[in-house]
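I have placed the structure first, in the form of structure tokens, so that the comments after it can refer back to it.
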Amino acid sequence: MSKRVALGIDIGSVTTKVVFIDENDEIVEGLYIRTKGNPIDTIKAGMIEAYNVISSKYGDIEVIAVGTTGSGRQLAGVVVGADIIKNEISAHAYAAIHEVPDVSTIFEIGGQDSKIIFIRNGAVTDFAMNTVCAAGTGSFLDHQAERIGIGIEQFGEYALRATNPVRIAGRCTVFAESDMIHKQQMGATPEDIIAGLAESLVRNYLNNLARGKELLPKFVFQGGVSENIGIVKAFENAVGAEVIVPKNNKLMGAWGVAMLAKREIEITGQRTNFKGFKVTELEHKTRVFYCDGCANNCEVYEVIENGETIAYWGDRCGKWSNRLTSKVRRTERADRREEISEK
Amino acid sequence: MKIGIPRALYFYVYYPMWYGFFSSLGHEIRLSIPTNKEIINLGVSHSVDDICISVKVFHGHVKYLLNKKDLDFVFVPRIASEEKYKYTCPKLAALPDLMKSAFVNDADRILTATFYTRQGDKLIIDAFEEIGRKLGDTEERVKKAAKVGIKYQDLATKALRSGHTFLEVVKYIKNLEELIKKPVEKKRYTVALAGFPYDVYDTFTNGDVISKLEDSGVGIVTTDMLDPKVYRHYSKYMIKDLFWYQANAAAKGGMYYIDSSDIDGIISISSFNCGISSIYQKLLDLYSKEIGKPVMHIIVDEQTGDAGLATRIEAFIDLIRVKRGDGLVSQENNLHGTEDGVHVRSV
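So the sequences go chain by chain: G and A.
All the letters of the first sequence, read from the start, carry residue numbers 4 to 346 under the working numbering.
All the letters of the second sequence, read from the start, carry residue numbers 914 to 1260 under the working numbering.
Written out as structure tokens, the structure reads:
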């Protein structure tokens, strides 16, 4: 019998996460890849890579459910045929609660956005997301590590070695950078600057997102930046309690949405929409055009699969996106289900 | 005569009154088109830098109408006060002056009068008489028209109180009685929108929060649907009232909804750079913390990308779903991601 797995894909701004989970919700294979401009190719590459690993381990596999999340969730959802397209806040929270059931506060910092999620009794009660400013996210750290001339992987140990962290303005990336240069010229060691940067990042994060809201333990810290032991330490100092970094810290969003997709299929009892691994061989193109129907000039995105348009979005009035929905909706979905079961 | 009415700011409160007045005098009313990118660009390029987006948008609507050379006047009333001892924000009270200085060459085509509302009909009739003199209508006809205007406003208020949004009032302006009788569809979830009517109802500037919610099966109510009597007692919580009627409506109306058991959550909508909004948002935060009902703030600005907004609204809906015990999955209607305005064709 082939191994039954659920697939979760989290397309972030900087990295894409692909996981396969088994019947017990455990991750059988998880990949963390840089998105590098073309999310569709990244997803396909990730799926092939993960498929090869699992099939060599378990032989045949059967995908029973697929979920997508992250800022590219819609694109990924149409390309692979998702059963559930879920926002990243719910997906991250779901995985964190699964891992640490009595969690109260989740810190999540990714490549370009950061969020804080408040949980009480296993349910999200409040959340906040950074809006326009990317100060203090992964991209910023990457950039600064490069500027100081150390690898981002070493960032954590440098921070831990610091004896006197210098104070750095964390409000804004531009100011933080000029502040760091200034402190360097004054003679501060790279260790102290990096530790100072970690502290300012955490301070900025808590000021911008937590905004005086009650921070209760247990704390869970996830997302790419949670790899960084220096930032974890800075969080622990700021909240005065242990901050848990879960075992799949970088894959939480994809893991969460894979579990949600599995529940979805269990509840509805339907077959998955997954198009199969053959999607990696299909040709996908995207196209952006400005609609000239009215003065809004919406940027409309079109996804084309083997020469056929499968999705539109971005139009405010629905002129384009409704073209497909009117045909699709539930009837066509139902028809397709019958087709599959007849086969 | 042909009179242009900008579809912004107090249009979303007093349009019925203006419609009733001008149309019963036999003047032709022309509304500016709903806010779009062109209007925002017009507004931003003709306004001073440090005002809120809502007033900038208003500039755009006025400019749009002034560009229509066949219009005799563009109506820019000065709403000075909406309740005794309560005054409007300085930018709104100075609106006709702002417009005249922004569009100097067309200053004499701006029709204005100073309104004091909710303080007896006399003050309103006075304001309409000021307009009537400029339009050259007889005093007797103006008085009659003013009363028609007030009647329209009362009908619109009735429609709002029965749960219809102001957008519906605009649509049904010729037939408000029919709207009042129309039943409001009850949905499984209800979210209250707290904020100034011009922020809540300007669907372009706020990323169409109302449709985003309604498309996901969430019904909405707004703070302008409430009779101020029902939330009067929240002054005690605030220690003292705010100085602006609309800010009080947003703050106290929001608190009223926080206390209402049939409301699942509150979303406040305000415009970037609005000082007064920051006060009522904080009040809602503090109150919701005591009662334990979810509150989310949406602050709108000139940017039109709404990916972040869609994510937040989706997550907010998830939050109220879970609170109701409905779980995160099997959102039948959302299976195809309509929350985000994305539609998928199965292949």
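Backbone N, C-alpha and C define an ideal beta-carbon position, used for all residues, glycine too.
Next on the checklist: Quick check on Lys-1099 of chain A: buried or exposed, where buried means 16 or more other Cβ atoms within 10 Å of its Cβ?
Outcome noted: Working through the second sequence from its first residue, we reach residue 1099 of chain A at position 186. Flag for Lys-1099 of chain A reads exposed.
Item to check | Nearest candidate by alpha-carbon position, reference Arg-920 of chain A, set A:Asp-1019, A:Phe-1229, A:Leu-1048 and A:Leu-1080 | outcome: Taking the second sequence and counting its residues from 1, the one referred to as residue 920 of chain A is at position 7. Nearest C-alpha to Arg-920 of chain A: A:Leu-1080.
Checklist entry - Which value, in whole angstroms, describes the spacing of the CA atoms of Leu-1126 of chain A and Thr-1103 of chain A? => result One-based indexing of the second sequence puts residue 1126 of chain A at position 213. One-based indexing of the second sequence puts residue 1103 of chain A at position 190. Rounded to the nearest angstrom, the two C-alpha atoms are 9 Å apart.
Next on the checklist: Is Asn-949 of chain A close to chain G? Criterion is C-beta to C-beta, closer than 8 Å.
Outcome noted: In the second sequence, counting from the first residue as 1, residue 949 of chain A sits at position 36. Closer than 8 Å: yes.
Checklist entry - Do Leu-219 of chain G and Thr-289 of chain G have their C-beta atoms closer together than 8 Å? => result As a first step, residue 219 of chain G is located in the first sequence; it is residue number 216 there, counting from the start. As a first step, residue 289 of chain G is located in the first sequence; it is residue number 286 there, counting from the start. Against a cut-off of 8 Å, the Cβ pair of Thr-289 of chain G and Leu-219 of chain G comes out as no contact.
Next on the checklist: Taking the beta strand (DSSP E) that Ile-952 of chain A belongs to, which residues open and close that run?
Outcome noted: For the purposes of this step, residue 952 of chain A is identified with residue 39 of the second sequence, where counting begins at 1. Here Ile-952 of chain A belongs to no beta strand (DSSP E); instead the alpha helix (DSSP H) covers 950 to 959.
Checklist entry - Rounded to whole angstroms, how far is the Cβ of Val-1208 of chain A from the Cβ of Ala-126 of chain G, which I believe are closer than 8 Å? => result Counted from its first residue, the second sequence places residue 1208 of chain A at position 295. Counted from its first residue, the first sequence places residue 126 of chain G at position 123. So it is not a contact: roughly 16 Å between Cβ atoms.
Checklist entry - Considering only C-alpha positions, which residue in the set G:Phe-143, G:Thr-128, G:Ile-234 and G:Ile-196 is nearest to Leu-209 of chain G? => result Here residue 209 of chain G corresponds to residue number 206 of the first sequence, with the count starting at 1. Comparing Cα-Cα distances from Leu-209 of chain G to each of G:Phe-143, G:Thr-128, G:Ile-234 and G:Ile-196, the minimum goes to G:Ile-234.
Checklist entry - Among the residues of its own chain, which have a CB less than 6 Å from the CB of Lys-1206 of chain A, if the five just before and after it don't count? => result One-based indexing of the second sequence puts residue 1206 of chain A at position 293. Answer for Lys-1206 of chain A: Ile-1171, listed in chain order.
Checklist entry - What residues in its chain sit with their C-beta under 6 Å from that of Glu-111 of chain G, if we drop five residues either side in the sequence? => result If you number the first sequence from 1, residue 111 of chain G lands on position 108. Hits under 6 Å: His-95, Lys-118, Gln-225 and Gly-226.
Item to check | Whole-angstrom distance between Ile-36 of chain G and Gly-272 of chain G, CA atom to CA atom | outcome: Looking up residue 272 of chain G in the first sequence gives position 269. Looking up residue 36 of chain G in the first sequence gives position 33. Roughly 32 Å separates the two Cα atoms.
Next on the checklist: Check for me: the alpha helix (DSSP H) holding Ser-181 of chain G runs from which residue to which?
Outcome noted: As a working note, residue 181 of chain G is residue 178 in the first sequence. Taken as a continuous stretch (DSSP letters only), the alpha helix (DSSP H) holding Ser-181 of chain G covers 176 to 189.
Item to check | Validate contact between the region 74 to 84 of chain G and the region 185 to 202 of chain G using beta carbons, cut 8 Å, 3 pairs | outcome: no
Next on the checklist: Just to confirm, is the Cβ distance from Glu-29 of chain G to Arg-7 of chain G under 8 Å?
Outcome noted: Here the question's residue 29 of chain G lines up with position 26 in the first sequence. Here the question's residue 7 of chain G lines up with position 4 in the first sequence. No, Cβ-Cβ distance for Glu-29 of chain G and Arg-7 of chain G is not below 8 Å.
Checklist entry - If contact means a Cβ-Cβ distance below 7 Å, which residues of the region 1219 to 1239 of chain A contact chain G? => result Ala-1220, Gly-1221, Thr-1224, Arg-1225, Glu-1227, Ala-1228, Asp-1231, Leu-1232, Val-1235 and Lys-1236
Next on the checklist: Any beta carbon from chain G within less than 8 Å of Val-1255 of chain A's own beta carbon?
Outcome noted: As a first step, residue 1255 of chain A is located in the second sequence; it is residue number 342 there, counting from the start. Residue placement at Val-1255 of chain A is flagged as unreliable, the pLDDT there being 36, under the threshold of 50; the coordinate-derived value follows with that caveat. Judged by the 8 Å Cβ criterion, Val-1255 of chain A is in contact with chain G.
Checklist entry - DSSP beta-bridge partners for Asp-129 of chain G? => result As a working mapping, residue 129 of chain G is identified with position 126 in the first sequence. According to DSSP, which records beta bridges pairwise, Asp-129 of chain G is partnered with G:Phe-121.
Next on the checklist: Strictly below 8 Å CB to CB, what residues from chain G border Asp-1121 of chain A?
Outcome noted: The residue labelled residue 1121 of chain A in the question sits at position 208 within the second sequence. By Cβ distance, chain G contributes Arg-319.
Next on the checklist: For Asp-1115 of chain A, tell me which candidate among A:Val-961, A:Asn-1186, A:Asp-1050 and A:Val-970 has the shortest Cα-Cα distance.
Outcome noted: On the second sequence, position 202 is the one that residue 1115 of chain A refers to. If we check each option's Cα against that of Asp-1115 of chain A, A:Val-970 comes out closest.
Item to check | Cβ distance (whole Å) where Leu-1197 of chain A is taken to contact Gly-1178 of chain A below 8 Å | outcome: To locate residue 1197 of chain A, count along the second sequence from 1; it is residue 284. To locate residue 1178 of chain A, count along the second sequence from 1; it is residue 265. The Cβ separation is near 11 Å, so there is no contact.
Next on the checklist: Spatial neighbours of Pro-168 of chain G within its chain, please: C-beta separation below 6 Å, excluding the five flanking residues on both sides.
Outcome noted: By one-based count along the first sequence, residue 168 of chain G stands at place 165. Asp-195, Ala-198, Gly-199 and Glu-202.
Item to check | Reduced DSSP category for Ala-9 of chain G - H, G, I as helix; E, B as strand; rest coil | outcome: As a working mapping, residue 9 of chain G is identified with position 6 in the first sequence. Note: Ala-9 of chain G maps to strand in three-state DSSP.
Next on the checklist: So with CB distances below 8 Å, who are the chain G contacts of Leu-1241 of chain A?
Outcome noted: The sequence position of residue 1241 of chain A within the second sequence is 328, counting from 1. Per Cβ cutoff of 8 Å: Lys-89, Ser-93, Tyr-97, Leu-263 and Arg-266.
Next on the checklist: Is Asn-207 of chain G a contact residue of the ligand ZN, with contact defined as CB to any heavy atom under 7 Å?
Outcome noted: Only the bare structure without any ligand can be found here, which leaves the ligand ZN out of the picture.
Item to check | chain G residues whose Cβ lies nearer than 8 Å to that of Pro-1207 of chain A | outcome: Position 294 of the second sequence holds residue 1207 of chain A. By Cβ distance, chain G contributes Thr-128 and Asp-129.
Checklist entry - Does the pairing of the region 983 to 994 of chain A with the region 1022 to 1032 of chain A give three or more beta-carbon distances under 8 Å? => result yes
Next on the checklist: One question on the structure: do Leu-1241 of chain A and Tyr-315 of chain G come within less than 8 Å of each other, judged by their Cβ atoms?
Outcome noted: In the second sequence, counting from the first residue as 1, residue 1241 of chain A sits at position 328. In the first sequence, counting from the first residue as 1, residue 315 of chain G sits at position 312. Not closer than 8 Å, so no.
Checklist entry - Shortest alpha-carbon distance to Pro-1174 of chain A belongs to which of A:Ile-1233, A:Thr-1118 and A:Asp-1137? => result Counting from 1 along the second sequence, the entry for residue 1174 of chain A is found at position 261. Per the sequence shown, the amino acid found at residue 1174 of chain A is Ser instead of Pro. Nearest C-alpha to Ser-1174 of chain A: A:Ile-1233.
Next on the checklist: List, from N- to C-terminal side, the beta strand (DSSP E) runs of 3 residues or more that fit wholly inside the region 1131 to 1166 of chain A.
Outcome noted: 1131 to 1135
Next on the checklist: Just to confirm the assignment: which complete beta strand (DSSP E) runs, minimum length 3, are found wholly within the region 14 to 55 of chain G?
Outcome noted: 18 to 24 and 30 to 37
Next on the checklist: Please state the DSSP three-state secondary structure of Gln-225 of chain G.
Outcome noted: If you number the first sequence from 1, residue 225 of chain G lands on position 222. If DSSP states are grouped into helix, strand and coil, Gln-225 of chain G belongs with the strands.
Next on the checklist: Looking at Leu-1073 of chain A: is its Cβ nearer than 8 Å to the Cβ of Asp-1137 of chain A?
Outcome noted: Position 160 of the second sequence, counting from 1, holds the residue named residue 1073 of chain A. Position 224 of the second sequence, counting from 1, holds the residue named residue 1137 of chain A. Yes, the Cβ-Cβ distance between Leu-1073 of chain A and Asp-1137 of chain A is below 8 Å.
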